[in-house]
Amino acid sequence: MFEIWETSDPARLISDAGSLKIALEKVDTMCRLRHDQASAHIESPGGGYHFEIRDEGGRALARLTYVPDTTRAYRSVVNAELRGEVRA
Numbered sequence: 044m045f046e047i048w049e050t051s052d053p054a055r056l057i058s059d060a061g062s063l064k065i066a067l068e069k070v071d072t073m074c075r076l077r078h079d080q081a082s083a084h085i086e087s088p089g090g091g092y093h094f095e096i097r098d099e100g101g102r103a104l105a106r107l108t109y110v111p112d113t114t115r116a117y118r119s120v121v122n123a124e125l126r127g128e129v130r131a
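In terms of my numbering, the sequence shown is residues 44 to 131.
As structure tokens, then:
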């Protein structure tokens, strides 16, 4: 089991996931949401958004700081290798 946290002040639990692949997809979804909000001028990112994927014991396994670039379309923060996809 994995937990996805947004660690910007104040920290909050976003969701949980049964696998690392699903946890990465959920982080990617949150970054896409933050990009859309910044593009629509709903929320100002300031220093960006901070996310963590934690294990069952609460230990951070991965950290990501995402700063939306609203001058271009959203580009996934999770690359093919992290998703477990093999490119030919």
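The C-beta atom is built at its ideal place from N, Cα and C for all residues, glycine as well.
| Going by alpha carbons, who is nearest to A54 out of K69, F94 and Q80? | Along the sequence shown, read from residue 1 onward, the residue named residue 54 stands at position 11. Measuring from the Cα of A54, the nearest candidate turns out to be F94.
| query | In whole angstroms, what separates the C-alpha of E99 from that of G90? | reply | Position 56 of the sequence shown, counted from the start, is the residue given in the question as residue 99. Position 47 of the sequence shown, counted from the start, is the residue given in the question as residue 90. Cα-Cα distance, rounded: 28 angstroms.
| query | Under the rule that 16 or more other beta-carbon atoms within 10 Å means buried, what is H78, buried or exposed? | reply | Taking the sequence shown and counting its residues from 1, the one referred to as residue 78 is at position 35. By the neighbour-count rule (16 or more Cβ atoms within 10 Å), H78 is buried.
| field | Three-state secondary structure assigned by DSSP to S87 | value | In the sequence shown, counting from the first residue as 1, residue 87 sits at position 44. Reduced to three states, the DSSP call for S87 is coil.
| said: Between which two residues does the alpha helix (DSSP H) holding A81 run? | reply: Indexing the sequence shown from 1 puts residue 81 at position 38. That run of the alpha helix (DSSP H) goes L63 to S82.
| Coarse secondary structure for S58, derived from DSSP in three states | Counted from its first residue, the sequence shown places residue 58 at position 15. Here S58 sits in strand by DSSP.
| query | What's the gap between the Cα of A60 and the Cα of T108? | reply | The count along the sequence shown starts at 1 and reaches residue 60 at position 17. The count along the sequence shown starts at 1 and reaches residue 108 at position 65. If you draw a straight line from the Cα of A60 to the Cα of T108, it comes to about 20 angstroms.
| said: So that I know if they touch, is there some Cβ in chain B lying closer than 8 angstroms to that of F45? | reply: Absence of chain B from the displayed structure is noted, only one protein chain being present.
| said: Just to confirm, is the Cβ distance from V121 to D71 under 8 angstroms? | reply: Here residue 121 refers to the residue found at position 78 when the sequence shown is read from its first residue. Here residue 71 refers to the residue found at position 28 when the sequence shown is read from its first residue. Taking 8 angstroms as the Cβ cut-off, V121 and D71 qualify as a contacting pair.
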